[in-house]
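Residue numbers (the working numbering), protein chains in the order written: chain A, 1 to 344; chain B, 1 to 344; chain C, 1 to 344.
Idealized CB from N, CA, C, for every residue including glycine.
Remember, it's a predicted structure, so these values are computed and weren't measured experimentally.
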Amino acid sequence: MEFTVRQIAAFLGGEVIGDHDLKINNVSKIEEGKPGTLSFLANPKYESFIYETKSSAVLVNRDFKPSHQIQATLIKVPDAYKALAQLMDMYVQSIPVKKGIEIPSFISTTANIGTDVYVGAFSYIADGVKIGNNVQIHPQCWIGRDSVIADNTIIFAGVKIYPDTRIGKNCIVHAGAVIGSDGFGFAQQEDGTYKKLHQIGNVVIEDDVEIGANSTIDCATMGSTIIHKGVKIDNLVQIAHNVEVGENTVMAAQVGVAGSSTVGKNCQLAGKVGIAGHLKVGNNVTCTAKTGVTSNVSDGKTVMGFYGIDASRYRRINAVFRNLPELFYEVNQLKKEIKNIKAE
Amino acid sequence: MEFTVRQIAAFLGGEVIGDHDLKINNVSKIEEGKPGTLSFLANPKYESFIYETKSSAVLVNRDFKPSHQIQATLIKVPDAYKALAQLMDMYVQSIPVKKGIEIPSFISTTANIGTDVYVGAFSYIADGVKIGNNVQIHPQCWIGRDSVIADNTIIFAGVKIYPDTRIGKNCIVHAGAVIGSDGFGFAQQEDGTYKKLHQIGNVVIEDDVEIGANSTIDCATMGSTIIHKGVKIDNLVQIAHNVEVGENTVMAAQVGVAGSSTVGKNCQLAGKVGIAGHLKVGNNVTCTAKTGVTSNVSDGKTVMGFYGIDASRYRRINAVFRNLPELFYEVNQLKKEIKNIKAE
Amino acid sequence: MEFTVRQIAAFLGGEVIGDHDLKINNVSKIEEGKPGTLSFLANPKYESFIYETKSSAVLVNRDFKPSHQIQATLIKVPDAYKALAQLMDMYVQSIPVKKGIEIPSFISTTANIGTDVYVGAFSYIADGVKIGNNVQIHPQCWIGRDSVIADNTIIFAGVKIYPDTRIGKNCIVHAGAVIGSDGFGFAQQEDGTYKKLHQIGNVVIEDDVEIGANSTIDCATMGSTIIHKGVKIDNLVQIAHNVEVGENTVMAAQVGVAGSSTVGKNCQLAGKVGIAGHLKVGNNVTCTAKTGVTSNVSDGKTVMGFYGIDASRYRRINAVFRNLPELFYEVNQLKKEIKNIKAE
């Protein structure tokens, strides 16, 4: 795939400063630029790289004013970062999408498959499953009994979906994710053993959700574990039974949400955050990395810390924490001084 | 599947207050009740919902006395929660269990398969494997050479079991779990590189164990990593080489136990707990969520904190921790006061 | 497989004290020794076991001097631990390696497969893939379009490799690992929804790398996520987009490295360590278990703590932290004393 700078600028509605006929065959980071590639400069922090980059061309914001000479051809656009995203979209859309049923695969005669669907080899579509149009199910997936996958959704290789799961439109589920496994529910008996509480609920995933590689989402004990529209979940995340995650909430890798908790809309949970069970986390909440949430969080709060508390409070605590040896020393000094005063 | 309230009450030995002929086709949480469903009320905290629920019928404890009028039909039983669990058991048992070998699958001619076994399509049963009676192996599993899986155990889709693993009776292994992968053992060489220590042990899982989705249990360097009878392990849990976990211990999601540690019987490890290597955690130990265990823990202790210590001690520490800014302020006040006293 | 003590001693160049003709058919830990097995004693901490072990023979360091009588036959070698590793190598090498293409598998006509390769049943080799010589690809793997796997590498069952991944020689990837899944990149829109940033980079894994079960390594947004030569990664580890990990660095289970961070050479990251995004961790850095790294770390440092700081400093802080109740008490005592002094 090769384009000229002229073609790219025309596609993006940009202005070229330099050679219109340069050929571009890939993109690269500005600090790792190579001839034949296109880079971008959006964050002024990286400006110094534009004077040294080996990239043939660089996308820059329209208002960018170089302070030194630049070898690379520039393409000026209203927003260099957005323009790059547009190009990457174009690139991805140019990759041919697989269609059709590969052999061998296992498709129940009672499954209902839409048009223009891809089912990769070694995938298993169980009884009563409904697959919408333009769905891609890559190899080695298991779609359990009576599950529904709506239009345009992409299920990458090796995803396992338990019976009765509902997945909306335009979702992406990455390789190895498990959806609908049993909630972790047991009743302790008098002899100390545990009796399994059968989990008869399911998982409902609404439209536009992305779920990362090897993440796990348990079914509800009764009713549904619900991932609302537009939620983005990274790799190795655990969502327990009966959890509900609000629209457009994002969760970074290795987050865990325990049973029956609800997380509101537009929240941001950074890496390794843990939310204990039966809690209510409000809308627009931010949890910084590794925060342990052990009580309800109201709308708009930022929480942090091993036992998560309000971030501004935590920062004040942490400032003293980091100086505990000095505080300890001071208290001992005061002790001595008081002893001296009393001895006088 | 549909039952009348009369049938359900008869099955549970309960007493009906209301319409015996109502038809029930599902269960629901009392706060999300819908017509045609059965809910339950065990925890008095949820009592208010029973006066508003749209569920057709509600299981209640025999001694429940409503304080307002209730629309729903009641089924009175000795223990509403246990009755619900019984119903869920009945429901799960009513789902037909698959039997037989689906095609295509790969079954070594030297494997030994019991009666009434299910082997899902695309599963791989290697040389010398022994599968007991009534075992279910769902699609896309890999059962490595010489492994043994005893009667009634269920292996969900995509589970990977390395050679020479032993799994007991009545176990459940959820999708994507990996059992018997190499322990993480390397010997650093003088040039800084690492030489692999080959791991020639195995994993032994006793009866009645449940293992969550995408969890990993490494084989022993020598000997066996052992998961004793009745242990329940949630999703995304890591059990390292040569670990031993005692009977009826439960581990919530994202727990990690490092190499050669032993965890006693009847312990409860909450989510994200980490146990360092070569430690001994006693019986009946509780670790609250995210606890980092870095030293041995004696029987019956509850530990908590980033570097786990006795919980009652930790709570006292944490109470001061949360007020560190005020402590800091007070020390500074004392400093000033002493200065003043000395200046007098 | 059975050897005499004589044969083992000859192989290791060791000296036999006891019965040369004893038959050995397995190895065991000295504290769990059984007749017919060989144990080893390297760490003097375990010396007491040698006087009670039921193992038939024990490997000991040449300079070992028993203080009591020993039942077992001894094999004296220069370094008992290394000798054991040699034996385990020999044992592993004695297991026959599978070769050939099992049926059914899916191999694109445009894939290029080397000599003496094993492709397990239900594995999927996509268009343009290149597989080197002596590579083992166990069952149910997915090797995405245009990926390259170099000589002698072992890919265990169910590994999923996204398109365009590069994996070097002599690597081991354990079951369920996912390599090349999309980086977690989204641009928030004005209405709160997130637009996916397509991830068009790849993952490059150099020679001699081992990757644990169910670990996930995301592709770069642009360019490559790079795992350099000799890196060892344990189970359930997350490596985000555009991360670079230096030579011979080891990462224990459940570590997470966020996007665009670099970790230097010869580092040791213990279990559950988290590294925030866009950071630079130097060479020879140690992070103790559960450390949260939120700022750059310079060469040779050891960091620890919830918000990782220099270990020696952290230990001093932690010593005061653990005595906060007493510090609090002392401050209150001082307050009282000052009050008394002022009242005088």
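Using a Cβ-Cβ cut-off of 8 Å, A:K335 is close to E330 and L334 of chain C, given in chain order. The closest CA to that of C:L197, considering only C:I205, C:A220, C:V209 and C:A175, is found on C:A220. Of all residues in the stretch 85-107 of chain B, the ones placed with a Cβ closer than 8 Å to any Cβ belonging to chain A are A85, M88, D89, Y91, V92, E102 and P104, in chain order.
Taking C:T286 as reference, the option from C:R62, C:G274, C:I275 and C:G300 with the minimal CA-CA separation is C:G300.
Residue environment for A:H174: buried (at least 16 other C-beta atoms within 10 angstroms of its C-beta). Secondary structure at A:N332: helix, using DSSP grouped into helix, strand and coil. In the DSSP annotation of this structure, the continuous segment of the beta strand (DSSP E) that includes C:V203 starts and ends at N202 to I205.
For chain A, the residues of the stretch 173-207 of chain B that bring a beta carbon within less than 8 Å of one of its beta carbons are H174, A175 and G176, in chain order. C:G201 has its alpha-carbon roughly 55 Å from the corresponding atom of B:A83. Here A:I338 carries a helix assignment [DSSP, helix/strand/coil]. At a cut-off of 8 Å between beta-carbon atoms, A:G120 makes contact with chain C. The count of Cβ pairs closer than 8 Å, one atom from the stretch 327-344 of chain B and one from the stretch 33-48 of chain C, stays below three, leaving the stretches out of contact.
Using a Cβ-Cβ cut-off of 7 Å, A:K229 is close to nothing in chain B; its nearest Cβ partner there is about 19 Å away.
At a cut-off of 8 Å between beta-carbon atoms, A:R316 makes contact with chain B. Of all residues in the stretch 265-276 of chain C, only G274 and A276 place a beta-carbon less than 7 Å from a beta-carbon of chain A. One Cα belongs to B:N340, the other to A:A343, and the distance between them is close to 17 Å.
Rounded to the nearest whole angstrom, the CA to CA distance from A:T288 to A:E244 is 20 Å. Residues of chain C with a Cβ closer than 7 Å to the Cβ of B:G292 are, in chain order, A289 and K290. Residue-level contact check: C:E32 touches chain B, since one or more beta carbons of chain B fall below 8 Å from its beta carbon.
In the pairwise beta carbon analysis, the stretch 18-37 of chain A is classified as touching the stretch 63-75 of chain A: at least three pairs are separated by under 8 Å. Per DSSP, the continuous beta strand (DSSP E) segment holding A:Y194 begins and ends at Y194 to K196. Remark: C-beta atoms of A:S181 and A:D234 do not approach each other more closely than 8 Å. Rounded to the nearest whole angstrom, the C-alpha separation of C:D164 and C:C141 is 15 Å.
Residue-level contact by beta carbon fails for C:P163 and chain B, as no gap is shorter than 8 Å. Residue contact with chain C for A:Q136: absent (no Cβ-Cβ distance below 8 Å to any residue of chain C). DSSP lists B:L269 and B:V303 as the beta-bridge partner residues of B:C287. When CB distances to chain A are screened at a threshold of 7 Å, the residues of the stretch 213-247 of chain B falling below it are A213, N214, G230, K232, D234, N235 and L236, in chain order. In this structure A:H241 is in contact with A:G183, their Cβ atoms being roughly 3 Å apart against a cut-off of 8 Å. With its beta carbon at least 8 Å from every one in chain C, B:F11 lies outside the interface. Minimum Cα-Cα distance from B:M88 among the listed residues B:D208, B:Q136 and B:F11 corresponds to B:F11.
With respect to chain A, the C-beta atom of B:I341 has a partner C-beta closer than 8 Å. A distance below 6 Å between beta-carbons, with the five flanking residues on each side excluded, links B:L269 to the following residues of its chain, in chain order: M251, V255 and C287. Within its own chain, the residues whose Cβ lies closer than 6 Å to the Cβ of B:K99, once the five positions on either side in sequence are excluded, are D116 and Y118, listed in chain order. Against chain A, the beta carbon of C:A258 has neighbours under 9 Å at A252, A253, A270, G271 and A289, listed in chain order. For A:T262 and A:E247, the gap between their C-alpha atoms comes out near 12 Å.
Beta-bridge pairing by DSSP links C:Y118 to C:G100 and C:Q136.
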